[in-house]
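All remarks here apply to the structure that follows.
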Amino acid sequence: MKAKSLKYAVSFVVFFIVSCDEPETVVTNIVHPDGSITRKIEMRNIQDNFEIRDVQVPYDSTWTVRDSIATDGGEDTLWFRMAEKTFRTAEELNQTYISDSSGNREARRRTEFKKSFKWFNTGYRFAEILERRLEHGYPLSEYLDSEELKWFFTPDNISDELKNGPDSLKYRAMDDTIQKKTDKWIMRCLASEWSAEFVRLTEGKAGPELSQESLKSRENELISLIERSGRDLDSLWNNGIIQNEFLGMEYGQKFRTEADSAAGTVAEKLFFNFDDYSLRIIMPGELTGSNGFADSAGVMQWRVRSDFFITEPYVMWAESKTPNKWAWIVTGIFVLFVLTGIMFRSLRR
Numbered sequence: 133m134k135a136k137s138l139k140y141a142v143s144f145v146v147f148f149i150v151s152c153d154e155p156e157t158v159v160t161n162i163v164h165p166d167g168s169i170t171r172k173i174e175m176r177n178i179q180d181n182f183e184i185r186d187v188q189v190p191y192d193s194t195w196t197v198r199d200s201i202a203t204d205g206g207e208d209t210l211w212f213r214m215a216e217k218t219f220r221t222a223e224e225l226n227q228t229y230i231s232d233s234s235g236n237r238e239a240r241r242r243t244e245f246k247k248s249f250k251w252f253n254t255g256y257r258f259a260e261i262l263e264r265r266l267e268h269g270y271p272l273s274e275y276l277d278s279e280e281l282k283w284f285f286t287p288d289n290i291s292d293e294l295k296n297g298p299d300s301l302k303y304r305a306m307d308d309t310i311q312k313k314t315d316k317w318i319m320r321c322l323a324s325e326w327s328a329e330f331v332r333l334t335e336g337k338a339g340p341e342l343s344q345e346s347l348k349s350r351e352n353e354l355i356s357l358i359e360r361s362g363r364d365l366d367s368l369w370n371n372g373i374i375q376n377e378f379l380g381m382e383y384g385q386k387f388r389t390e391a392d393s394a395a396g397t398v399a400e401k402l403f404f405n406f407d408d409y410s411l412r413i414i415m416p417g418e419l420t421g422s423n424g425f426a427d428s429a430g431v432m433q434w435r436v437r438s439d440f441f442i443t444e445p446y447v448m449w450a451e452s453k454t455p456n457k458w459a460w461i462v463t464g465i466f467v468l469f470v471l472t473g474i475m476f477r478s479l480r481r
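481 is the number that my numbering gives the last residue of the sequence shown; the numbers go up by one with no jumps.
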């Protein structure tokens with residue numbers, strides 16, 4: 133049993149696993165009117181390492197791959213790799229995620245494409261989605277307001293520029309505020325997920341005082357116990373002191389194994405391997421809507437991080453339209469025909 137799992141899960145509040153092996157990666161989805169998608173993966177690394185287990189998104193030998201090297205202006209060498217492939221449909225692209233062997237294979241990912249006919253225009257919608265990790269957490273919107281939420285999801289290149297701009301004090305203060313609020317959010321989600329898993333493991337064995345409703349109403353109590361434990365959390369949990377205090381001596385000892393197992397399950401859901409990357413979407417025709425951020429070229433971009441899909445799916449979407457020229461021509465001919473008919477009728481009178 134992973135007795136240290138709770139300690140590791142709680143440390144997720146202030147720490148994320150960072151690997152030194154993964155390259156900086158930008159994924160670009162170029163969506164075509166027929167629903168096909170050209171995906172480009174641009175990777176940059178300080179070493180010649182582009183092993184699929186270290187890359188953020190999957191690709192294989194069926195892709196077109198180009199490698200190059202360059203210097204960063206000094207003595208250091210940078211390695212680059214470009215991988216590209218066109219998929220006939222979003223479903224075909226999703227097969228790469230189903231058989232994912234990349235460094236982020238533990239995350240559940242998929243894409244969606246929809247095409248709609250609206251006479252004068254044809255509409256398109258493309259989305260890349262990462263499924264949530266926790267089933268019993270709380271929406272981040274309960275902790276951050278709309279402005280803070282937007283800042284939380286802002287790509288690093290944009291936020292760094294703003295934090296070093298004329299309103300730097302405002303954005304740096306917002307950063308600090310968001311960090312404090314998200315710490316509380318994570319802690320509350322951990323407590324909620326742990327209690328739900330503990331109830332599942334003890335179903336039919338415990339009384340009503342250990343029901344889901346009862347434990348949920350005492351989440352703040354559990355959070356307070358964990359916060360007070362500080363550096364002693366590991367030893368206090370391993371010795372059953374926290375469990376005994378929260379559940380009571382009788383239940384704390386009786387369900388010690390279930391409490392540890394629930395903590396291990398929560399840790400596995402949160403403390404998983406995931407390396408950040410950037411995603412871009414280029415849509416056909418005129419862009420009409422998106423929840424992304426426009427880069428210097430006007431292309432929609434998103435940052436993909438593990439804390440973006442803890443309790444809710446992370447959906448990166450863009451919509452666009454192209455004009456149906458034939459519809460405009462047919463409509464114009466029809467209008468001209470009607471107007472001509474009206475004119476002839478008027479002249480006959």
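All C-beta atoms in this analysis are idealised placements derived from N, C-alpha and C, irrespective of residue type, glycine included. Source: prediction; values computed, not measured.
Identify which residue in the options has its Cα closest to the Cα of residue i.
i: E280; options: G269, L262, E260 and Y303; result: Y303
i: M157; options: F284, M475, R437 and K457; result: For the sequence presented, residue 157 should be read as Thr rather than Met. Comparing Cα-Cα distances from T157 to each of F284, M475, R437 and K457, the minimum goes to R437.
i: G396; options: I373, W369 and G384; result: W369
i: W449; options: E224, L294, M214 and Y256; result: Y256
i: T254; options: T454, M475 and I465; result: T454
i: L210; options: Q179, Q227 and S367; result: Q179
i: D308; options: G297, F284 and P298; result: F284
i: S452; options: N181, G430 and G421; result: G421
i: E293; options: I465, K457 and D427; result: D427
i: N289; options: W434, L301 and E390; result: W434
i: V398; options: F387, I442, E382 and D364; result: I442
i: V197; options: M175, E207, T203 and D208; result: M175
i: N423; options: K386, K282 and A202; result: K282
i: E353; options: M319, I465 and K295; result: M319
i: M214; options: N177, T243, E207 and D208; result: N177
Alpha carbon to alpha carbon, how far is residue i from residue j?
i: I461; j: I261; result: 38 Å
i: W317; j: Y270; result: 7 Å
i: E329; j: Q311; result: 27 Å
i: R477; j: F252; result: 30 Å
i: P416; j: D166; result: 10 Å
i: S327; j: E267; result: 12 Å
i: S291; j: F406; result: 21 Å
i: G336; j: L342; result: 10 Å
i: K457; j: L419; result: 18 Å
i: E359; j: R241; result: 34 Å
i: M306; j: L225; result: 38 Å
i: S300; j: Q227; result: 43 Å
i: K313; j: S356; result: 16 Å
i: Q344; j: E154; result: 41 Å
i: S231; j: F404; result: 18 Å
i: E382; j: A239; result: 38 Å
i: A394; j: P340; result: 19 Å
i: G372; j: G380; result: 11 Å
i: D392; j: D364; result: 16 Å
i: A202; j: W195; result: 23 Å
i: V331; j: P298; result: 51 Å
i: T243; j: N181; result: 27 Å
i: E444; j: D315; result: 17 Å
i: I465; j: K295; result: 56 Å
Quickly, what does DSSP pair residue i with across the bridge? List them, please.
i: D199; result: R213
i: V158; result: E174 and S410
i: I261; result: R242 and V447
i: T454; result: T254
i: R435; result: S410
i: I169; result: V163 and F219
i: F249; result: T254
i: G362; result: In the DSSP output, where bridge partners are listed per residue, G362 has none listed.
i: G417; result: Paired residues: none, contrary to the question.
i: M426; result: This sequence places Ala at residue 426; Met is not what is there. Answer by DSSP bridge pairing, in chain order: M432.
Please confirm whether residue i and residue j have their CB atoms less than 8 Å apart.
i: Y229; j: P190; result: yes
i: F425; j: M432; result: yes
i: V163; j: R171; result: no
i: Q375; j: G362; result: no
i: A106; j: V447; result: This structure leaves residue 106 out entirely; the chain is present only between 133 and 481.
i: N161; j: I169; result: yes
i: L402; j: R264; result: no
i: T334; j: E377; result: no
i: D192; j: F212; result: no
i: F387; j: A429; result: no
With 8 Å as the threshold, decide whether the Cβ of residue i is near any Cβ in chain B.
i: G167; result: No chain B is present in this structure, which holds just one protein chain.
Is residue i near the ligand FMN, going by C-beta to nearest heavy atom under 7 Å?
i: H164; result: What this structure holds is no ligand at all, so the ligand FMN is not there to describe.
Decide if the region 398-413 is in contact with the region 270-281; the criterion is three or more beta carbon pairs, one per stretch, under 8 Å apart.
-> no
Given 8 Å, three or more beta-carbon pairs between the region 180-199 and the region 228-242 | yes
Inter-stretch contact at 8 Å, needing at least 3 Cβ pairs: the region 247-256 / the region 212-219 | no
Counting Cβ pairs closer than 8 Å, one from the region 318-326 and one from the region 337-355, do we hit at least three?
-> yes
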